Amino acid sequence: MTVDSFLKKAWSESGPKVISGFSRPFYHNLSGLMYGRRYDKKAYGGMIRHTEAGMLTQWASQVPENGVIVEIGCYGGLSTSYLLSGLKKKNGKIYAIDPFNSDLDKQAELTDDCVPLEKKPTKELVASRLENNGFGGMFELIEGYSQEAATAWDPSIKIDFLWIDGNHEQAYQDFKDFEPYLAPGARVAVHDAHPRYGYAAVVEDVKRIFNSRPWTDLEHVKSIISGKLAN
Ligand SMILES: C[S@@+](CC[C@H](N)C(=O)[O-])C[C@H]1O[C@@H](n2cnc3c(N)ncnc32)[C@H](O)[C@@H]1O
């Protein structure tokens, strides 16, 4: 299946439901029930669905031993917690990037208006949530912007899973900025990539990302499009 036909099916009414004779929505729903209800979405101000949370956990648990995840757009730490709960099995580390509640004037200039700035969680609040969830020593919160974090990135740290959920007008740029640091076979997942319940700019960027090079294991889970770099 070509990327274009995969995306077309993902965004159609019927969707790419059966792969190799196996119902993907059933698998996604099961993952959601088993893993995607651990954290209080309302309290965290989270923006992912249970099925998406379940699959983030599953994908995080599939990185290699001591694997590295980069999350762009951490907000209150909901998706971070799901990623960490999968990553725990692999003794891995997550770098979660977000401006949190720093320099709100700058955020007001750069914002895509996706989250209310007056209620932004602090880095300290998110750190204490992650500690309380049992993830001490497994995370580094980077207070700032993905473009700055990419420029300062230590090239010796290879990324096994890149989760893009930051500024919805720069998903392609986020991918390109971190692409040089992706490990062979790394997974990339992009949130809000659906024409009906996502953002038009992300939809366009996802087309560009997944047409820019060969991929395997393409998956569509609600508004997430994900795949692994083909070696
Ligand atoms: C949709 S929220 C993330 C939600 C979170 N992933 C979850 O599901 O719980 C997007 C977050 O990305 C942040 N953001 C915006 N631009 C960013 C950038 N360039 N780098 C990192 N974070 C960014 C926003 O301030 C906001 O906190």
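Numbering (this note's numbering), first residue to last: 8 to 238.
Just so it is clear, CB atoms sit at the ideal spot from N, CA and C, and this is done for glycine as well.
This structure is a prediction, so every number in the text was calculated from the model and none was measured.
Taking residue i and residue j to be in contact with their CB atoms under 8 Å, please state how far apart those CB atoms are, rounded to whole angstroms.
i, j, result
"Met145", "Lys100", "6 Å"
"Leu85", "Tyr46", "6 Å"
"Ser230", "Ala200", "6 Å"
"Phe107", "Glu150", "5 Å"
"Leu148", "Lys130", "5 Å"
"Cys81", "Ala103", "4 Å"
"Phe185", "Ala157", "6 Å"
"Lys235", "Gly192", "6 Å"
"Asp172", "His198", "4 Å"
Which same chain residues, not among the five before or five after residue i, have their C-beta less than 7 Å away from its C-beta?
i, result
"Tyr179", "Asp212, Arg215, Ile216"
"Glu72", "Lys97, Asn98"
"Asn36", "Thr58"
"Lys48", "Leu85"
Considering only residues of the same chain and omitting the five flanking positions on each side of residue i, which have a CB-CB separation below 6 Å?
i, result
"Val10", "Phe217, Asn218"
"Tyr89", "Ala60, Leu63, Thr64"
"Gly52", "Gly83"
"Pro202", "Trp18, Val210"
"Ala237", "Pro221, Trp222, Thr223"
"Trp170", "Glu78, Ala196"
Mapping DSSP to helix, strand and coil, what is residue i?
i, result
"Val122", "coil"
"Phe13", "helix"
"Val86", "With the sequence shown as reference, residue 86 is identified as Ser, and Val is not the correct amino acid for it. Helix at Ser86."
"Thr129", "coil"
"Arg194", "strand"
"Ala103", "strand"
"Phe3", "In the structure as shown, the chain starts at 8 and stops at 238, and residue 3 therefore has no counterpart that could be examined."
"Asp224", "strand"
"Val75", "strand"
"Gly234", "strand"
"Asp167", "strand"
"Ile216", "helix"
"Phe146", "strand"
"Asp112", "helix"
"Tyr179", "helix"
"Val209", "helix"
"Ser68", "coil"
"Asn36", "helix"
In angstroms with no decimal places, state the Cα-to-Cα distance between residue i and residue j.
i, j, result
"Lys15", "Ile76", "28 Å"
"Ile243", "Glu20", "The question about residue 243 has no answer, for the chain in this structure spans 8 to 238."
"Pro123", "Gln114", "10 Å"
"Lys183", "Asp112", "27 Å"
"Ser163", "Ala190", "10 Å"
"Gly39", "Thr118", "30 Å"
"Asn98", "Gly143", "11 Å"
"Asn174", "Phe33", "31 Å"
"Ser153", "Val133", "18 Å"
"Met54", "Glu155", "24 Å"
"Asp105", "Arg136", "15 Å"
"Ser233", "Glu176", "18 Å"
"Tyr188", "Phe168", "11 Å"
"His227", "Glu116", "32 Å"
"Ile181", "Met41", "A small correction: the amino acid at residue 181 is Asp; Ile does not occupy that position in the sequence shown. Each residue's alpha carbon lies about 31 Å from the other."
Counting only beta-carbon separations shorter than 8 Å, does residue i have a partner in chain D?
i, result
"Glu186", "In the displayed structure, chain D is absent; only one protein chain is listed."
Tell me which same chain residues have a C-beta within less than 8 Å of the C-beta of residue i, skipping the five on either side of it?
i, result
"Leu94", "Ala67, Ser68, Val70, Gly74, Ile76, Lys100, Ile101, Met145"
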